[in-house]
Amino acid sequence: MAAVEKPVGSAGSPAAIFLKVTAWFGFLFLLMPSFIVVPMSFGNQYEMVFPPDSFSTYLYEQFFFQSNWMDATFLSFRVAISSTILALVLGVPAAYSIVRGTYPGKRYVAMFLMSPILVPIIVIALGLYLYFASLGIVGTEIGLIFAHTMFTTPFVIVTSMAGLRHVDQSLETAATIMGAGVMQTFFKVTLPLLKPAMFAGALFAFLMSFDEVVIAYFIADTGRMTLPVKMFNSIQWEISPVLAAVSALLTVLSLFVCVLAASFQKKS
Amino acid sequence: MAMVRLDKLSKNYGDVVALAEVDLEVEEGEFMTLLGPSGSGKTTMLNLIAGMIAPTSGQIFIDGRDVSTVPPNKRGLGMVFQNYALMPHMTIFENIAFPLRVRKTANDVVKREVGRVLDLIQLPHVADRKPRELSGGQQQRIALARAIVYNPSIILMDEPLGALDKKLRETMQLELKRIHTELGITMLYVTHDQEEALTMSDRIILLSDGQIEQMGEPDHLYFNPNGLFSADFLGDSNMLDATVESGGETTSVKTAEGLALIAKASAISEPGRSVKVMVRPENVSIRRSEESFDNAMQGKVIDSIILGGVVKHYIDIGRGTAEEQAMVVEELNRPGRTSIRPGVEVTLGWNASDMHVLPLEGRLPDA
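Taken in sequence, the protein lines are chains S and X.
If you count by my numbering, then the first sequence holds residues 1 to 268, one letter each, in order.
If you count by my numbering, then the second sequence holds residues 1001 to 1367, one letter each, in order.
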């Protein structure tokens, strides 16, 4: 890519400096709440204070070794990974059908598949709770996975649809004329070209599920809580300073995933 | 035997007729070109043969087999696209190997065949590269290699040189022609570029409004246009409004301006009939001294332009000075050619055998 050149004499003008300063303030404003927990997580072991008056890794030891926080963490990972895989399996073919299909009512199908984004999440949570209760899977891990799959699939569909629109259809036509069947064309041509979009969608879905609290709060039970639900509970009942350590770790994880997604998109 | 046969093939989109009851036979080993302006139905015809769209009525036979309802991947065709359509995620080797892999060809055969076609297109060293590392011309040669490698019964080409610049296009035309001669594959080529069609084709099918306007060898189409559309689309032409005076060995006509001219014998030479008479610019001469022609006409030079090897003179023959009203004369450019300045009165001359009588509408009956 060509470097963007600035016109002569525009870099140091007062307007340009003002613009830069405002941009940095906006940036800090958005990031501050996430980063404020980092110093706190290395602080006092009895209560949360800012700025911290001492330094220790006590809260991290608590999180990793001396509590049931890790159970919640592992559950969150299992749920997020499983629901991401399910969302891909459901979402990518759905996106393919919406973008490449030529059947009547396509737009309504698309709208229906997107509906979980449009409905308030508390409504979805309540609906899922009542429905899963009748199926007897409230409070189970599989229930959580299904609920989060439903929640994340629309996002995978959106990213896959955008990706598919960038896959040149004449490549699929060419493959077909050369003798490839529908399945061969899909797996050898479409899917490899869709990989970047799928990867971005998967990372997004993973984060959505990992951070999700409302649905998980309804579906989980006391013995089986995801990390955000446990955090929510601990705020309500304990105000344990371990929360600061968990928050710091979650921030780092989100950052890592975002950087990964960005670098992958840049590469492709 | 005909490699491709179309039997009363039609395609309608609602009320719009994209292709109207076309009959056609492409012989084995033939280089056939579908030529026409955009919207003439040439791409529709190609897509029908490829199976990308279904005909409204009629039948398509490939290699003697009725394929009208056979899906595209079972028709055994090769196709080359204008945008190359190479798979960006595969190496050149894998791109060319793709149709073989789809056919579950053994690995050593794949290797041998890909090597063979890479040699044929004279790009043996690019196997490990990705398509985006090659130039447009190279990519199109790879696309051609990919269409050749599995020996399809016919290769369809949809304006394959459209995205290349003029110089490269001319090189590729000769290259395509060479490969065609070397392999004897049947090729069906779609273009709107008449020069391209004339350069490469064994036969040209001229399409307009979903119908075959004229069909034949390039020379035949050029020298015997069967209507205004053919005359106008292939090559340059000077048209004059005229009325037939008498027919026979030659046709005598009188132009709208009252000038008597003699044209070739014609099937539409009933006296009194309104027609157009046409003569190619290269058959008209600016008469000097003793030369004598069957036809002569006075005019005044508007402008002369040099196109390198040829010179074009625009002559006002009393119809106006706009480019489309002028009579165009084309002559070879030579050193020492007497230049003709604008405003000079000249006499134009041409022979009866170079002047065609064309109907105002429709086509001449088939000869």
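No residue lacks a Cβ here, since even glycine has one placed at the ideal position from N, Cα and C.
Query: Whole beta strand (DSSP E) elements within the segment 1116-1195 of chain X, 3-residue minimum; Result: 1154-1158 and 1186-1191
Query: Cβ pair Val1244/X, Val1275/X closer than 8 Å; Result: yes
Query: Cross-strand partners of Tyr1013/X (DSSP beta bridge); Result: Val1016/X
Query: Contact list for Pro1072/X against chain S, beta-carbon separation under 7 Å; Result: Thr176 and Ile177
Query: Length-filtered (3 minimum) beta strand (DSSP E) runs lying within the segment 1232-1313 of chain X; Result: 1238-1246, 1250-1255, 1260-1264, 1274-1279 and 1295-1306
Query: Neighbourhood of Ala95/S by C-beta distance below 7 Å, restricted to the same chain and skipping five residues each side; Result: Ile157, Ser160, Met161 and Leu164
Query: Beta carbon proximity, Arg1287/X to chain S, threshold 8 Å; Result: no
Query: Residues of the segment 209-231 of chain S with Cβ closer than 9 Å to any Cβ of chain X, in chain order; Result: none
Query: Beta carbon proximity, Leu1183/X to chain C, threshold 8 Å; Result: Looking for chain C here will not work: the only protein chains present are S and X.
Query: Cβ pair Thr1255/X, Ser1266/X closer than 8 Å; Result: no
Query: Classification of Ile1142/X by the beta-carbon crowding that lies within 10 angstroms, buried from 16 upward; Result: buried
Query: Neighbour-count burial assignment, Asp1316/X, 16 or more Cβ in a 10 Å radius; Result: buried
Query: Reduced DSSP secondary structure (H/G/I, E/B, other) of Pro1359/X; Result: strand
Query: Contacts around Leu90/S, its chain only, beta-carbon distance under 6 Å, and the 5 residues preceding and following it disregarded; Result: Thr153
Query: Nearest-angstrom Cβ-Cβ length linking Ser34/S and Gly43/S, presumed shorter than 8 Å; Result: Wrong, their Cβ atoms sit about 17 Å apart, outside the cutoff.
Query: Cα-Cα separation between Asn1224/X and Phe1081/X, rounded to whole angstroms; Result: 32 Å
Query: Cut-off 8 Å between Cβ atoms - residues of its own chain near Leu1332/X, not counting five sequence neighbours on either side; Result: Gly1309, Val1310 and Val1311
Query: Integer Cβ distance of Leu128/S from Phe218/S, believed to fall under 8 Å; Result: 7 Å
Query: Minimum Cβ-Cβ distance from Pro1099/X to chain S less than 8 Å; Result: yes
Query: Interface flag, Met1278/X vs chain S, CB-CB below 8 Å; Result: no
Query: Neighbouring residues, chain X, relative to Ala180/S (Cβ below 7 Å); Result: Asn1073 and Val1102
Query: Within chain X, the residues that Val189/S reaches when beta carbons sit closer than 8 Å; Result: Met1087
Query: Beta-carbon proximity check, Gly1078/X vs Ile1148/X, cutoff 8 Å; Result: yes
Query: Anticipated Cβ contact below 8 Å, Gly1036/X with Leu1207/X, distance rounded; Result: 4 Å
Query: Where Leu171/S meets chain X, residues with beta-carbon distance less than 7 Å; Result: Ala1085 and Met1087
Query: Pairwise C-alpha distance: Ala1263/X and Ile1155/X; Result: 42 Å
Query: Environment of His166/S [buried if 16+ CB atoms lie within 10 Å]; Result: exposed
Query: Element boundaries [beta strand (DSSP E), containing Leu1206/X]; Result: Arg1203 to Ser1208
Query: Cutoff 8 Å: Pro192/S Cβ touching any chain X Cβ; Result: yes
Query: Among Leu1134/X, Val1117/X, His1180/X and Ile1121/X, the one whose alpha carbon lies nearest that of Tyr1150/X; Result: Val1117/X
Query: Cα-Cα separation between Met1/S and Arg1132/X, rounded to whole angstroms; Result: Confidence is the limiting factor: at Met1/S the pLDDT is only 45, short of 50, which leaves the residue's position unreliable, though a coordinate-based value still follows. Whole-angstrom Cα-Cα distance: 15 Å.
Query: Within 8 Å, strictly: CB atoms of Leu1024/X and Ile1205/X; Result: yes
Query: In DSSP terms, what Leu1332/X is bridged to; Result: Val1310/X
Query: C-alpha gap between Val1114/X and Ala1097/X, whole angstroms; Result: 6 Å
Query: Neighbour list for Met1052/X in chain S, Cβ cutoff strictly below 7 Å; Result: Thr173
Query: 7 Å Cβ cut-off: residues of chain S touching Met1079/X; Result: Ala174 and Ile177
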